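Numbering (the working numbering), first residue to last: 31 to 133. Even for Gly, the Cβ is constructed at its ideal location relative to N, Cα and C. This one's a predicted model, so the numbers in the text were calculated from it and none came from an experiment.
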């Protein structure tokens, strides 16, 4: 994932790039990943942030004033982003469907 992100960073030149994962970093690969992150920062000036999706959501949800507005805006971004794969868009819609049922 980090190498794919590096290619996107080179192509689009963002200042910050997030990778949210559902699994922890393999400790055998942690040093190698850290090297790539440092390389990206020094060569491209981009801060690559690797974090778990659940801890990130837990942390940032407390800062959102309106969950409904957030979900609507986030859904629009997902739908309009050509870099996001179809399978990820479908998964997001599946999550939304479950949210609608629980309300």
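- From 75, 89 and 54, pick the residue whose C-alpha is nearest to that of residue 44; which is it? 75
- When DSSP labels each residue in this structure, what does residue 75 get in the three-state scheme? coil
- Task: Answer with yes or no whether the minimum CB distance from residue 60 to chain C is below 8 Å.
- Result: As a matter of chain content, chain C is missing from the structure shown, which is built from one protein chain.
- If we count the other Cβ atoms within 10 Å of its Cβ and call it buried at 16 or more, is residue 78 buried or exposed? buried
- Item | Buried versus exposed, by CB contacts within 10 Å (16 or more), residue 36 | buried
- Query: Can the beta-carbon of residue 50 be found less than 8 Å from the beta-carbon of residue 86?
  - Reply: yes
- Message: Am I right that residue 16 and residue 82 are in contact with their C-beta atoms under 8 Å? What's the rounded C-beta distance?
- Response: The chain is shown from 31 up to 133; residue 16 falls before or after that span and cannot be answered.
- Item | Bounding residues of the alpha helix (DSSP H) (the contiguous stretch that carries residue 46) | Residue 46 -> not in any alpha helix (DSSP H); beta strand (DSSP E) instead, spanning 46–51.
- Take residue 119 and list the residues in its own chain whose beta-carbon comes closer than 8 Å to its own, dropping the five residues that flank it on each side. 108 and 109
- Message: Distance check for residue 91 and residue 123, CA to CA, integer angstroms please.
- Response: 19 Å
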